[in-house]
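Have a look at the structure below before the remarks.
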Amino acid sequence: MPSSLNPKLETMLAETSNKICGCKGIRSCRLCKNTENEVQALFTGNHNVQSNVEKKTCYFCVHCKKAYQYTRVDSLAEDQSLQSSFPECQNEDLPNNTSVPSPGATSNVLELKEDNKLCQHKNVLHKMNFPGITIIENFVSPDEEFSLDAAIKETPFQKSQSGRQKQDFGPKVNFKKQKIRVSSFNGLPSYSRFLFERMGAHSCLKDFQPVELCNLEYCSERGAHIDPHFDDAWLWGERLVTLNLMSDSCLTFTLDEDPFLEVRVPLLRRSLIVVSAEARYQWKHGISEADVIGRRVAMTFRELSEEFSRGGSKEEEGKHLLTLALTFQGTAIQPSNVPHWD
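According to full-length UniProt numbering, the sequence shown is numbered sequentially starting from 1.
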């Protein structure tokens, strides 16, 4: 199939294929930023791309699970945590018989009662439902966080794309050809067992059975990020479950059909986020370079799709994968056997 890329772009991509980082194609990190700038200019055909269309940014509220666009959002100072850039939500516990006052005469104040909470948002310009996001705060303790990080560090990270480093605990997969090899897969790591057991105590994860774990390390000094993307839906099931360690960050959701709309979802340190439903299948998700401050480690667990689950056409293959995964005796897949999920 003939290539549609600019010939100069193809040459540049070939020349940079053996860089010291793990970037491929037009993806880049700080180590190859100069190349990225020229590649992007060639790719777009415009060396001075600017847009006069203002981006519509909505912020997801952990408490009422809706997204809000505000009339004003404070910028992030260098000495602040990332989460301080999110508009503050005034949230109070309410007794069951408490009535919630209707919105007052001022149109930029919203109050609503959900799960016996009073959630107040000021300076609201727009509110939208954003189904498919569940955030469990303080899923692990500070001591557990550092123990997990120490256990993760015992295995060398492998270079990944866009400045990230990764460890893979899962089957070798060719998503394009829809083929799986399990010869190098021997289960999830032992340090993840207690996380799996704890997940079962939450209603949204009581039947969650992970078959794959990908540990990703993001460091601001490498300009680490991940471009907006959809996770595979052939092998991986509906719920994407990520434990966020070592620093706060932000997951940004975007729509191809509305490129000027984005929803920012907080990734709180030591919290667990579950992405499913519309957020999983209709919105792309990514993490921008600006939202990585210091070092962040993400432990992402994936379940099997319906095709590989009970009643599916590949049920037996799925059973085998799950049996291997839940031995919790796994070691990370080596570079030559890394699945193609980036």
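Ideal placement from N, C-alpha and C gives every residue a C-beta, glycine not left out. The structure displayed is predicted, hence computed values, not measured ones.
Decide if residue i is buried, meaning its Cβ has at least 16 other Cβ atoms within 10 Å, or exposed.
i, result
"proline 103", "Low per-residue confidence applies at proline 103: pLDDT is 30, beneath 50, and the placement is therefore not dependable, though the value from the model is reported in the following sentence. Under this definition proline 103 is an exposed residue."
"arginine 310", "exposed"
"tryptophan 234", "exposed"
"phenylalanine 86", "buried"
"asparagine 244", "buried"
"tyrosine 262", "With the sequence shown as reference, residue 262 is identified as glutamate, and tyrosine is not the correct amino acid for it. Label assigned to glutamate 262: buried."
"proline 266", "buried"
"glycine 330", "buried"
"phenylalanine 169", "buried"
"tyrosine 281", "exposed"
"threonine 252", "buried"
"residue 406", "Outside the displayed range of the chain (1 to 342) lies residue 406, so it cannot be described from this structure."
"glutamate 316", "exposed"
"phenylalanine 146", "exposed"
"proline 189", "buried"
"alanine 298", "buried"
"glutamine 334", "exposed"
"glutamine 167", "buried"
Excluding the 5 residues flanking residue i on each side, which residues of the same chain have their C-beta closer than 8 angstroms to its C-beta?
i, result
"leucine 321", "Pro171, Ile180, Val182, Phe185, Val211, Leu304 and Phe308"
"lysine 314", "Glu307 and Phe308"
"tryptophan 236", "Glu212, Arg302, Glu303, Leu304 and Ser305"
"glycine 187", "Phe169, Leu324, Ala325, Leu326, Thr327, Phe328, Gln329 and Gly330"
"leucine 255", "Leu261, Gln282, Trp283 and Lys284"
"histidine 229", "Lys284, His285 and Gly286"
"methionine 246", "Glu145, Asp149, Arg269, Gly294, Arg295, Arg296 and Val297"
"glutamate 54", "Phe260"
Would you give the residue range spanned by the beta strand (DSSP E) that residue i belongs to?
i, result
"tyrosine 68", "66–70"
"phenylalanine 146", "Looking at the DSSP string, phenylalanine 146 is not in any beta strand (DSSP E); the run it does join, the alpha helix (DSSP H), is 142–153."
"methionine 128", "124–129"
"leucine 216", "212–219"
"tryptophan 234", "Looking at the DSSP string, tryptophan 234 is not in any beta strand (DSSP E), and its letter there is neither H nor E."
"serine 165", "Checking the displayed sequence, the identity of residue 165 turns out to be glutamine instead of serine. Note, glutamine 165: beta strand (DSSP E), 165–169."
"phenylalanine 301", "295–304"
"isoleucine 333", "Segment: none, isoleucine 333 is in no beta strand (DSSP E) and carries neither H nor E."
"valine 173", "172–174"
"phenylalanine 253", "249–255"
"leucine 205", "Looking at the DSSP string, leucine 205 is not in any beta strand (DSSP E), and its letter there is neither H nor E."
"aspartate 227", "226–229"
"cysteine 58", "56–60"
"arginine 270", "Where arginine 270 is concerned, there is no enclosing beta strand (DSSP E), given that its DSSP letter is neither H nor E."
"arginine 181", "179–181"
"glycine 286", "284–287"
Could you check which residue in the options has the C-alpha nearest to that of residue i?
i, options, result
"phenylalanine 196", "Val297, Leu272 and Cys119", "Leu272"
"phenylalanine 194", "Ser313, Phe139, Pro259 and Arg302", "Phe139"
"histidine 202", "Leu267, Cys219 and Val241", "Val241"
"glutamate 257", "Lys284, Leu268, Val297 and Lys176", "Lys284"
"aspartate 231", "Ser276, Gly223 and Ala151", "Ser276"
"alanine 332", "Phe175, Glu154 and Ala298", "Glu154"
"aspartate 227", "Gln209, Met246, Asn174 and Cys250", "Cys250"
"cysteine 61", "Gly318, Phe208 and Arg264", "Arg264"
"lysine 319", "Gln209, Gln178, Arg239 and Glu238", "Gln209"
Which same chain residues, not among the five before or five after residue i, have their C-beta less than 7 angstroms away from its C-beta?
i, result
"cysteine 204", "Thr134 and Val274"
"glycine 45", "Residue placement at glycine 45 is flagged as unreliable, the pLDDT there being 49, under the threshold of 50; a coordinate-derived value is accordingly withheld."
"serine 220", "Val292, Ile293 and Gly294"
"isoleucine 136", "His202, Ser271 and Leu272"
"methionine 176", "The sequence given here places lysine at residue 176; methionine does not occur at that position. Around lysine 176: no qualifying Cβ."
"glutamine 69", "Lys56, Thr57, Cys58, Leu125 and His126"
"phenylalanine 157", "Gln165, Lys166, Gln167 and Glu217"
"glutamine 50", "Note that glutamine 50 scores 49 on pLDDT, short of 50, meaning its location in the model is unreliable; the coordinates nonetheless yield the value given after this. Counting only Cβ-Cβ distances below 7 angstroms, and skipping sequence neighbours, we find nothing."
"glutamine 178", "Trp234"
List the whole-angstrom C-beta distance separating residue i from residue j, where the pair is believed to meet the contact cut-off of C-beta under 8 angstroms.
i, j, result
"lysine 56", "phenylalanine 260", "6 angstroms"
"glutamate 278", "proline 131", "5 angstroms"
"methionine 128", "cysteine 58", "6 angstroms"
"tyrosine 218", "arginine 296", "4 angstroms"
"aspartate 248", "leucine 268", "6 angstroms"
Along the alpha helix (DSSP H) that carries residue i, what are the first and last residues, could you check?
i, result
"alanine 279", "277–281"
"phenylalanine 196", "193–199"
"glutamate 317", "315–325"
Whose C-beta lies closer than 6 angstroms to the C-beta of residue i among residues of the same chain, with five residues either side of it excluded?
i, result
"histidine 225", "Ser162, Ile287, Ser288 and Glu289"
"isoleucine 152", "Asn215"
"glycine 312", "Glu306"
"threonine 300", "Cys214 and Thr242"
"lysine 206", "Gly200"
Step through the CB atoms of chain D and report whether any lies within less than 8 angstroms of the CB of residue i.
i, result
"aspartate 231", "The chain labelled as chain D is not found in the depicted structure, where only one protein chain is given."
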